[in-house]
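Contents: one structure, followed by commentary.
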Amino acid sequence: MKTRRAWRVTEREAAKRDAAESGSARIPGLLAAGAGALRGRVGWALGAVLVLALGLVGTWLFVGSETRGTPPDTRARAYEDYDACLLTDERGIVTGAPAAPVWEGMQAASLDKRIRVTFVPVMGEKSVANARPFLNGLMQRDCEIVVASGAPQVAAAEAAVEKNPKVRFVTVGGESGAAHDNLVRVAPGASLKDDIASTVKRLAAEG
Numbered sequence: 134m135k136t137r138r139a140w141r142v143t144e145r146e147a148a149k150r151d152a153a154e155s156g157s158a159r160i161p162g163l164l165a166a167g168a169g170a171l172r173g174r175v176g177w178a179l180g181a182v183l184v185l186a187l188g189l190v191g192t193w194l195f196v197g198s199e200t201r202g203t204p205p206d207t208r209a210r211a212y213e214d215y216d217a218c219l220l221t222d223e224r225g226i227v228t229g230a231p232a233a234p235v236w237e238g239m240q241a242a243s244l245d246k247r248i249r250v251t252f253v254p255v256m257g258e259k260s261v262a263n264a265r266p267f268l269n270g271l272m273q274r275d276c277e278i279v280v281a282s283g284a285p286q287v288a289a290a291e292a293a294v295e296k297n298p299k300v301r302f303v304t305v306g307g308e309s310g311a312a313h314d315n316l317v318r319v320a321p322g323a324s325l326k327d328d329i330a331s332t333v334k335r336l337a338a339e340g
């Protein structure tokens, strides 16, 4: 026989079970309602906000990586306008070579930052015919100013003056001859370096 206390305990336990079962039954409904809301306007709004946030984060990371990159070398020299090319004998620009002070003058002119200087030695036979292909190579490289040092190189350069009116020629120790607007003859001597530097800079400034 159950006492009244036992009936009360049983009733309380039954009530607890009913409450738990009713709560569990409501969970799927709530989840379904939440899923439906996400599929509706609220879902579109949340998706748009998420996409925007991801885009902003991606942009920030990209820009941050660019700004944190290696800074440009401030020592790098920016050349803008003219290529001045030196044609030498096979000794090139080594110390003691005839073209050494010429090259030093061209390097001084390149401090202008508008003039890039290069040199090409003529290898092989010491003749005008052998120097001519090397000279043509400089003009094919679009050298606006061609400087020639050494007898064969000078002779090849002066022979090319009339056929290349847009190129400015500078010859060192060239024999006196016909004058041309695009030819400058510089005499060798103690002031050769400074004379070459001022001549190249002047020609670049004249354009």
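According to the numbering used here, the stretch in the sequence shown is residues 134 to 340, in order.
Cβ atoms here follow ideal geometry from the backbone N, Cα and C, with glycine treated the same way.
Test item: CB-CB of residue i and residue j under 7 Å
i, j, result
"ALA293", "ALA264", "no"
"VAL317", "MET239", "no"
"SER282", "ALA232", "yes"
"ARG249", "ASP216", "yes"
Minimum C-alpha distance to residue i - residue among the options
i, options, result
"ILE329", "PRO298, VAL279, ASP314, LYS299", "VAL279"
"HIS313", "ALA323, PRO321, GLY322, LYS299", "LYS299"
"VAL287", "ARG274, ALA262, GLN273, CYS276", "ALA262"
"VAL303", "ASN297, LYS296, ASN315", "ASN315"
"THR251", "GLY322, ARG274, ALA311", "ARG274"
"ALA311", "GLU295, PRO321, ALA323, GLY322", "GLU295"
Contacting residues, own chain, Cβ-Cβ under 6 Å from residue i (five flanking each side not counted)
i, result
"GLU258", "none"
"ASP214", "ARG247"
Other residues of its chain near residue i: CB distance less than 8 Å, five sequence neighbours each side excluded
i, result
"VAL253", "CYS218, LEU219, LEU220, THR221, PHE267, GLY270, LEU271"
"LEU325", "PRO234, VAL235, GLY238, VAL305, VAL319"
"PRO285", "ASP222, VAL255, LYS259, SER260, VAL261, ASN263, ALA264"
"GLY225", "ALA232, PHE252, PRO254"
CB-CB length for residue i against residue j, believed under 8 Å
i, j, result
"VAL255", "GLU291", "15 Å between Cβ atoms; not a contact."
"ARG301", "LEU336", "5 Å"
Spatial neighbours of residue i in its chain, beta-carbon cut-off 7 Å, leaving aside the 5 residues before and after
i, result
"SER331", "none"
"VAL227", "ALA233"
"ASP327", "GLY238"
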